[in-house]
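What follows is a set of notes on a single structure, which appears directly below.
There are 4 protein chains.
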Amino acid sequence: MISVPAEATGRLSDAWRACVGTGRIELALRRDYQDSLALLQREIGFRYIRGHGLLSDGMGVYRPYAYEGARRVHHSFTYVDQVVDAYLGLHVRPFLELGFMPTELASGDQTVFWWRGNVTPPRSYDEWARLVRATLTHLVDRYGIEEVRTWPIEVWNEPNLTDFWQGADEAEYHRLYEVTARTVKDVDASLQVGGPAISPGADEWLLRFAEFAERREVPVDFVSRHAYTSGPARPVPFGAYQTLAPARRLLDQFARPREQLKGTRYTELPVHITEFNSSYRPDNPIHDTAFHAAYLAPVLAAGGDHADSFSYWTFSDMFEESGVPTALFHGGFGLLTHRQVKKPTYHLYAFMARMGEELLERGDDHLVTRHPDGRVTVLAWAPVDETGRTPGPDRHTLRLSVPVGRRPRGAAFVRRSTVDEEHGNAWTAWRHMGGPRSPRPHQIDLLHEAAEPARSHLRLPVEDFRADLGLTLARHEVTLVELSPVEDETPPWWDERRLLGSPVEPR
Amino acid sequence: MISVPAEATGRLSDAWRACVGTGRIELALRRDYQDSLALLQREIGFRYIRGHGLLSDGMGVYRPYAYEGARRVHHSFTYVDQVVDAYLGLHVRPFLELGFMPTELASGDQTVFWWRGNVTPPRSYDEWARLVRATLTHLVDRYGIEEVRTWPIEVWNEPNLTDFWQGADEAEYHRLYEVTARTVKDVDASLQVGGPAISPGADEWLLRFAEFAERREVPVDFVSRHAYTSGPARPVPFGAYQTLAPARRLLDQFARPREQLKGTRYTELPVHITEFNSSYRPDNPIHDTAFHAAYLAPVLAAGGDHADSFSYWTFSDMFEESGVPTALFHGGFGLLTHRQVKKPTYHLYAFMARMGEELLERGDDHLVTRHPDGRVTVLAWAPVDETGRTPGPDRHTLRLSVPVGRRPRGAAFVRRSTVDEEHGNAWTAWRHMGGPRSPRPHQIDLLHEAAEPARSHLRLPVEDFRADLGLTLARHEVTLVELSPVEDETPPWWDERRLLGSPVEPR
Amino acid sequence: MISVPAEATGRLSDAWRACVGTGRIELALRRDYQDSLALLQREIGFRYIRGHGLLSDGMGVYRPYAYEGARRVHHSFTYVDQVVDAYLGLHVRPFLELGFMPTELASGDQTVFWWRGNVTPPRSYDEWARLVRATLTHLVDRYGIEEVRTWPIEVWNEPNLTDFWQGADEAEYHRLYEVTARTVKDVDASLQVGGPAISPGADEWLLRFAEFAERREVPVDFVSRHAYTSGPARPVPFGAYQTLAPARRLLDQFARPREQLKGTRYTELPVHITEFNSSYRPDNPIHDTAFHAAYLAPVLAAGGDHADSFSYWTFSDMFEESGVPTALFHGGFGLLTHRQVKKPTYHLYAFMARMGEELLERGDDHLVTRHPDGRVTVLAWAPVDETGRTPGPDRHTLRLSVPVGRRPRGAAFVRRSTVDEEHGNAWTAWRHMGGPRSPRPHQIDLLHEAAEPARSHLRLPVEDFRADLGLTLARHEVTLVELSPVEDETPPWWDERRLLGSPVEPR
Amino acid sequence: MISVPAEATGRLSDAWRACVGTGRIELALRRDYQDSLALLQREIGFRYIRGHGLLSDGMGVYRPYAYEGARRVHHSFTYVDQVVDAYLGLHVRPFLELGFMPTELASGDQTVFWWRGNVTPPRSYDEWARLVRATLTHLVDRYGIEEVRTWPIEVWNEPNLTDFWQGADEAEYHRLYEVTARTVKDVDASLQVGGPAISPGADEWLLRFAEFAERREVPVDFVSRHAYTSGPARPVPFGAYQTLAPARRLLDQFARPREQLKGTRYTELPVHITEFNSSYRPDNPIHDTAFHAAYLAPVLAAGGDHADSFSYWTFSDMFEESGVPTALFHGGFGLLTHRQVKKPTYHLYAFMARMGEELLERGDDHLVTRHPDGRVTVLAWAPVDETGRTPGPDRHTLRLSVPVGRRPRGAAFVRRSTVDEEHGNAWTAWRHMGGPRSPRPHQIDLLHEAAEPARSHLRLPVEDFRADLGLTLARHEVTLVELSPVEDETPPWWDERRLLGSPVEPR
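Sequence order for the protein chains is B, E, Z and Y.
Residue numbering for the first sequence follows my numbering, beginning at 3 and increasing consecutively.
Residue numbering for the second sequence follows my numbering, beginning at 3 and increasing consecutively.
Residue numbering for the third sequence follows my numbering, beginning at 3 and increasing consecutively.
Residue numbering for the fourth sequence follows my numbering, beginning at 3 and increasing consecutively.
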C-alpha cells in the first residue's frame, strides 16, 4: 500500500492544458467546431490553440489587385477577425503559426494536404514582411498590445520535412525566420516570436537554429518542436495501422530542447511542444480507443516536468488534411469526433482538469492531488502493452492510503469515474452498432450516452485522518477518484428501516 | 422463456403521459420550475399539466376596488397569462382546476396549506360566476377557442375532504359545480367541464354527482378522481413514514369511475385520474427511492386500460404545501428535486417515453413495444415488497425471445439503461454524502451525474428473426432495453488485431 | 385617395418566400451562416434554400479508393448530413441542385469560381448515375421518403453558359438530365426532378428542353430558370458597377416559362425561378442600398402572379464565388452581411413576412393585406429611377382609406416601420464611419443598431369603419404600416394632467 | 457654445450603478425576474442588489420543530442559496438587508405589505442572534469569506416608520442593531455591517444612531438612508398621483449623512443611499414616463459627489408590495415592466453605462466623458418642470465644442440615441394602443420595438481637433451622443455616383 503524503510536494503543472492543436484555423468558422471547442473549454479549459493555415488562401488575407496600372496588395482580415473573435469568446487564445504561403506570394506551386497549403518560400521577402507586419499590426490594433503580446508567434511548421517546406531547405528557413522575427519585433518589441517547429527526428535543426539565431542576433523568445511515437504506416483504404514506441518516448522528446540548449544563452527560454500525439496520422484508429487514453495518461501526468506546454494534436476530428472524413470514427486525432462525441482520451483530459492544485504524489500508475477545499483527487491508469503482443493486463490493482479531511475519524465520500473498453467508450458502442459511417440522429444520441464515463460512489471509513482506497482497474482503464470528508447532516430521527411505515424495534 | 409475438397486439396507450401534476400554479413563474418543466418536456413530453390555485390570491385575479363610492371588481390576468404563455411555450397545455376561493370573495376564512388557499364557498355565487366567465372569456380571447376547448376544466379539488371544502358539504359542491359548469358552457358550449375531483375513499360521491348532474341537466364532459395507496402517517420532524398498499390498488382506483358509471348516461365519458401517487404526503421519503420507480412501473404500463389520463402528483419538488422544503431531498412528490436532480421515478417516465407505439407484449414484470423503424423496446422491473417486511428479491431474472429485424439471421445491437439502488439514483449518492441539506455547487454537479442511469451495450446473435434476451434485475431495478438490427458497415479490410501495427497471420 | 376594399380580393401568394439562395452549400457548416439563417427564419421564414456545390469536392461525397487491386468508390455523406440536419433544424428544406462534378469523376478540368467547381461532364455516366442514386437513396433512408419527396431536385446550374457547363453543350446537358432524371425516379417515383436552370437570355433552351423531354419521355416535374436585370460590368478593384433595367423586367422573366410552355403537355408544371436579383455579381454595391429594397418591392408584391417560387440570390454575403470578401460591405448578394447586419432588402423581406393572408389591394406603390385577427397591413414604397439619371423623387405621397375593425367609429392604432437612405440602413452608417473593412466589435454593435428600421406610432380616428392614412415616403423608402382597431381599456379615472399631482379643474 | 476641455477633470464616479433595488428577494426565484436582471446586467451592469424579506417566511429560513418533546429550530437555506446563486451567476452581489421577522420568532403580529412581512421585534434576541449567525455562517461556508466580506449587511429597513418597525421604537432598533452587529462581527470580523436605513424626514435618527454606536462601541462599517421627493398621495383605484420636489432635493438627501457625520469618528464611513426614487409609491404612473428619465438625469450625473452608492428603487415592476399588478404599466418602480419592456428611465441608466471613465465636463443639462479608445460621449437632457404647472419647454438647445481624436482636421462620426415623449417610449405606445392591461403576444412585441431609442448618425467636420456639436432636445428628452474620429478606409476608386452604372464625368 502506498501512503500518500499529507503535505503537498509541489504544485501540479498545468503545461498539459497550456495548448491544444486544431485543424487548419479556417475550420474555426464552423459551427460544429465552435460547439466542440465550447464543450472542451467548459470541461477542460485550454489556454491556447494552435493550427496551420493562418495565411493560406482560405483565410483570404493576401489580396493583390491592379489599380491605375500597378499591382498592389490589400491585406484583408475578414476571416482572421471572425476566427480570433470566436477563440477569445471561448476563452482560448491563439498560438499563432505564421504559414503557409499565399498562392500569389509563393515562389513555387508545391502544396501540402487535400486543402493545398503552399509550402514554398515567398517570391519576395519584402512582400512577406509586409504581410507579417500588416497582420500583426491589425491584430494589435484590434485586440490591444496587452492581449497580443500573450500570443506566441511561431514561424512556419516542420520546415525540416520536404512535405512542409520545399526541399526542407534549412538555410531558407533561417532566412524566413529572420525576416519574420525582425518584422514581428518591429511591430512591437514585446511580441513573442519563436521556432523552429520541427518534427521528431531532426533534433540537430534545433541546435543549428540556436547557433544561427545567436550568430545573427535574431530574436528568439521561445523554441518549439513536435513529438510523436508511431512507426511506419501500413495503409488500408481511408486508414492506416502503425506500431507505437513506449509512451515515455514522448517525455524524452519533450525533454530534448532543454537538454540541447543547456549552457547556451537560450537555456532559460520557454519550450513549447507545439504538437504531440501517438501517431501523426489523422486516420489511425488507435486515436479512438481506450488504449490511447491509458497510453497517454503518464505523459499528461509528467509532461510538465519537461516543457512549458505540450499541445495535443488535435482537439477535434474536424481536420481535413486528407480530405473530408468518410465515417464518424475514422482514426482522427480529435478528442471529439464530429458532432461532439467524446473519445476516451477526451476523458483523460477532462479528468486532469478535475485534479487539484497541490501535488501530493505521483507514481507509475497514479497521480494524487488536493483541492483548496480539501478534496483529494486520484487519477489512476492501467499499464498498457503498446507492442500489441499482449492485450495488456485485464486487471490491475492499486492500493493507496489517502489523507482525507481534518478529523481523525469519520467517513470519506468517494466518487469514481471510469473509462475503459466498455465504459465511457463510444467507439466500442459504434463498433457494436456495426460502425455506421453516417449515424442517424437516434444513433448519435446513443453514442453521446455511451461516451459518458461510468460513475460510482461509496463511503469509506476514515481512521487516523486516512482512508484506505483499493482500486482494481480493468484493461486500458483510466479512472478518476475523488475523496471528500463527509459532513453528516442526517437528522437523528432518520431511520431507513421505517421507509415503508414499519414500526421499528428499539435499537 | 417468454416468446414475444412478432405481430402487435395493439397500440400502447399514452394515458400515462396525458397529464402531470404541479404545485400551485403560481410556482410556474419560477425559473427553476420552468427549467425543470423544460427538461421533462424534452425527455418525457406530457400533454397537460394540472395544479391548484388558479384563482387564489397569489395569482392576483380577483381585485375589488371602490370607485365613485361603489365596490367594483377588476379581473386581472397578469400572472395567468405569464403562466399559460410559459406552459404553451413548453408545449404543455393547462388542465384547468377552478379554485380556490379568492379571499375577498370567500364566505369564510378557512384555509389550506402553508400558502393559505381559502376553501370556503363564495359569498356570492353571482360574483363567482362573473369571475369564472371573465377568466374563460379572457383565455378564449387571448389563446383562441380552438386552443382553449382542448383544455379540460375541473371544478375545485377534493370537495369530499373537510380540509379542501368547508365541511365537505356535498350539496354546496353540487351548487358550485352547477353554477360553474353553466357559466363555462355559456362562454362557449364547446368548452369541456367536469368534476368532482374526489380523493380516494369517497367513491359514493361520484355516483351522487352523476345523479345530481342527470337530474339537474348540468353539463358534464368528463369525470375525475384521485388515487393514492398510503396508510396513516407516522410523522417525524419535516417528514413522515407511511405504509403502502400494493400498487395494483392504484389500478383498481383508476378503474372505479368506469365501473360506477357503467350503464348510466355517463358510460362513455372520459375518466381523468387528476392526481395519483403512492403517498399523498409531500414529505414522505419513499418518493425519492428506486423502490418507488419499481413499485409504479406496472401502474404506468397498465393504467391506460382503465382511464384516459392518470396524472402523477407532481412533476417537481417545488411545491410548498407544507412550507419551503428544508433539504434537497425531503420526500417531495417530484420527479425532479429542486435544481433538476432526477429521481428514479423520473427515469421510469423517461423510459416509458422511449417505448414504441406498437404493443407487442405485457407481463407482470415487463412491457415490450416496437417503433416504426423496427427497434424493439423492453421495459422490465423487479418485483417489490411494499410491506417492507422483506427488502424484496435481490435478483430477479427474466428471459425473452424478441423478434428483431427483417433478416432471419444476423445481430442485434442491445443497449440497456438501468436504475436501481446504486445506479441512476441521486438519493443514494446524497445519503452517502451525508445528506447535505443545501448542497454546494460541486455537490449538485455530482448529484446530477449520479442521477444518470447506468448504460451498457452489447451484441446478441439473431437466429430465425429472433434474439434471446436474458435480463437479471437487481433489487428495485427498472431497466430499459432497446434492440435494433445491426446493419454492418464495417469494411472488409478492418482488423482490430492490427490496431497496434502488428502484422497479422492469415486468417 | 385610394379606397381600399373591405373585402379580400384573394390571397397573397407566398411564392416570394418559397425559396432563397445560398452560397455553396458547404458554407452551411459555418456558425455565422447558421446564425444568419436562424435570424432569417425567425423574422422571414423561407420554405426552401438552394445553392451550388452539393456534389463538389468540398462536400466529400465521391471518394474513390483502391482495394485488392481494383478501383472502387465510396459515397460519403458526413457533411451532407450535417448540412441537411442544420437546414431542417432551422425549419427550411433543401431545394437540391445536383452539381458540380467531383474532380475524380470529371472528364475535364475546367472549373468555375475561386473555389473551383468542376463544370465538365462526367467521364462515366454510369458512375454519375451511381453517385446520384447513392445520394438520394441515402437521403431517403435518413430523412424518410415523406420528407424527401417535398424537396425539388434540379439538374445542374445554368448549363447554357460556358462558365458553368463546358462548351454550354446543350445535347450533353440533355444527356446529363436524362440520366439523372431517370435515376432519381428509379430511387422513388414520387421524387420531383426538373431543369434546365438556365440563366436569362437563353429562353430557347427551355423550349428545346421541353421538346427533348417530351420526345424522349424523360420525367420532368418542374421547370426552372433565373432572372437578372443588370447590364455589363464596369469593374473596379474588388467590385463593379452596372446599369439596371427596370424592375418589371424581372416579372417579365418570371412569366416567360408559363408563356413558353402554354399549350404544351407541360402547361401545368410548377415554374421555379431558382435565382433572381438585380445584378448577377456578388461585388456590386447596389445590393447594399435602400434603392435596392425600393427597386425590388414591386417584384416581391407581384412575383407570385407569374411563378411558383422566385428565389433571392442570396440570403447572406457568406458566398466566396470570387474569394473571401475584403470588407464588411462589398456589394455581396446577401440580405445580411457577415455577422448578421441587416441590409435594406432584408427589411423588405421582413416587412413582407408581416403582411396578412388576405389581399385587399395592390397598386404601383403599395400592397394592402389583412390578418385573421383584423389587423390591416400596408407595404408602400417610393418609385425609383433605375437609370441613375435622377436620384429619384425625394418625397412621394400616398393616401389610402383603410377599412379597420368592426365598429363604425373609434380609433386605429397605427405603427410604422421605415427603411430609407437614413433609417434601417447600416450601409449609410458604415459609409459615414469611413467604411471600416473589418469593423471592431464596438462598430459592429453600432451597425446592428443602425440597421434597425425607424419605428413610429400614432392613433388615427376611425369613421364609418375607415381610417384615412396619409403617407409621405422619403427617397428610396420602403415602409410597413400596420393598423389595428383600438380596444380602449383606459380606466375612467385616468387623467394624464394629474401626473405631477396637480389638482385638476372640473372638466 | 460650451467648450469641453480636452483634458479630463477627473473620473466619472460609478456610484450610480453601485447598487439597485428589487422587490422582496423571494421574487428572484422567478424566471421573468432573472431574465430582466440578465438584461440589465448586460446593458447596465449593477454591482449590488438590495431588497426586503431575506428572513421573511417566504424564504423559509427559520423553521422551528418539536423533537423528543423539545422545541428546536432548523435554519434552512434552500431558497437563500437559489437566490444568491442566481445573483452571482448574473454578476451582481447581494447587499444584504436583515429582515423582516419570521412569524414564529416575532413578538407581535403587525405586518407590512400584501405579502405580510412581520415588523415586530424578535420575541427572543438570543434566537434572533442564532438566526443571524446561522445565516452568515452558512453564506461564508458556501461562498467563501473573500466573497461575503464584500457584501454590505444592513440591519432592517426604515425603522423610523411605524409601518416598518413596530412603534418606530428607536431604542428597540438600537438594541436590534447592537445584537445583530455584534453577531455579524462574531462570525467574521471582516464582515461589513451598517444601518440605520432610515427613510427621509428622520435625519435626527442618524445622529442618534451614531451617538449610540459610539457610546456602546457597537461596530458600524457604513451608514445608510433613503431619499424620495414625492408629496402626499392622491389615490385613484390601483394608483396614485403625487407632487414632486425638484430633483436637486435628492442630491441634498444623498449629501446629508456626510454633513451630519462630519467631525465625528464616523466621518470617513461609506454612505449608502439604499433606496431612492421620485415617488415612494409602486403605483405612481410618473415612473413610466419620459419626464422621469429627464428628471433623474442630473441626479445620476452628480450623485456620486455625495454618496458611495444610491440605489434606484427598483429595477423591475415585479414587486407586489400592494399586490399583483393589474396592468402592464401600472406606475411601478421598475426600470423594466414585466416581460422586459424598457421604460425611459431604463435608457437613462443604459446611456450612463455607455459613458467613459474620464470626466471632461458636467453642466446643468449635460455630461461629457471620454473612453480609453478616444470616443467622446455626451449625455444631455431637457430641463423639466416638476411642478406640472407647465409641460416644460418643448425645445431645448445646447451647443458644445467637443475635442475629438488626435488629428487637427478630419471628421467625426456622430451617433445619437434619443428617448423622449415619442421615442424609446413604450408607455406612450401603450397609451396609444388603448392601455391593454394584459397585452397579447403581438402587442408585447410591438412594445419592445417601441421601447427602443431612436437612433441617428451623421458626420461632423473636425477642425483644430474639435467638432461643433449642436443639439436640439425635445420635451423630456434624454439623449446620448457618441463622437469618434473617422479613420477613412474608403478606397480611391469609390464613386457613389456610379452606383447605377452611369459613366461619370471627370472630376
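Idealized CB from N, CA, C, for every residue including glycine.
Small disclaimer: the values here were computed from a predicted structure and weren't measured.
Could you tell me whether the Cβ of residue i comes closer than 7 angstroms to any Cβ of chain Y?
| i | result |
| --- | --- |
| residue 491 of chain Z | yes |
| residue 317 of chain E | no |
Let me know the secondary structure DSSP gives residue i once reduced to three states.
| i | result |
| --- | --- |
| residue 35 of chain E | helix |
| residue 264 of chain Y | coil |
| residue 296 of chain Y | helix |
| residue 508 of chain Z | With a pLDDT of 46 at residue 508 of chain Z, under the threshold of 50, the predicted position of this residue should be treated as unreliable, though the coordinate-derived value follows. Residue 508 of chain Z: coil per DSSP, three-state reduction. |
| residue 259 of chain B | helix |
| residue 485 of chain E | strand |
Is residue i close to chain E? Criterion is C-beta to C-beta, closer than 7 angstroms.
| i | result |
| --- | --- |
| residue 478 of chain B | no |
| residue 439 of chain B | yes |
Can you list the residues of chain Y that residue i reaches, using a CB-CB cut of under 7 angstroms?
| i | result |
| --- | --- |
| residue 435 of chain Z | 415, 488 |
Pull up the CB-CB distance for residue i and residue j, whole angstroms please, since I reckon it's below 8 angstroms.
| i | j | result |
| --- | --- | --- |
| residue 22 of chain Z | residue 232 of chain Z | With 8 angstroms as the limit, residue 22 of chain Z and residue 232 of chain Z do not qualify as a contact, their Cβ atoms being about 19 angstroms apart. |
| residue 336 of chain Y | residue 317 of chain Y | 6 angstroms |
| residue 246 of chain Y | residue 299 of chain Y | Not a contact, Cβ separation roughly 14 angstroms. |
| residue 117 of chain E | residue 261 of chain E | Contact doesn't hold; Cβ gap of about 36 angstroms is too wide. |
| residue 458 of chain Y | residue 418 of chain Y | 5 angstroms |
Cβ closer than 7 angstroms: which chain Z residues qualify as neighbours of residue i?
| i | result |
| --- | --- |
| residue 1 of chain E | Examination of residue 1 of chain E is not possible in this model, given that chain E is present from 3 through 509 alone. |
What in chain Y is Cβ-close to residue i, meaning under 9 angstroms?
| i | result |
| --- | --- |
| residue 133 of chain E | Residues of chain Y passing the Cβ test: none, with the nearest at roughly 14 angstroms. |
Please report whether the beta-carbon of residue i lies at a distance below 7 angstroms from any beta-carbon of chain Z.
| i | result |
| --- | --- |
| residue 501 of chain Y | yes |
| residue 328 of chain Y | no |
Determine, for residue i, whether the minimum Cβ-Cβ distance to residues of chain B falls below 7 angstroms.
| i | result |
| --- | --- |
| residue 122 of chain Z | no |
| residue 509 of chain Z | With a pLDDT of 47 at residue 509 of chain Z, under the threshold of 50, the modelled position of that residue is not reliable, and the figure given next carries that caveat. Not an interface residue. |
| residue 335 of chain Z | no |
List, in chain order, every chain Z residue whose beta-carbon is nearer than 8 angstroms to that of residue i.
| i | result |
| --- | --- |
| residue 36 of chain B | 33 |
Which residues in chain Z have a C-beta closer than 9 angstroms to the C-beta of residue i? List them in chain order.
| i | result |
| --- | --- |
| residue 388 of chain Y | 502 |
Exercise for review: Could you tell me whether the stretch 481-489 of chain Z touches the stretch 435-454 of chain Z, using the rule of 3 or more Cβ pairs below 8 angstroms?
Suggested key: no
**Study point:** Segment contact, 8 angstroms Cβ cut-off, at least three pairs: the stretch 222-229 of chain Y with the stretch 187-204 of chain Y
**Key:** yes
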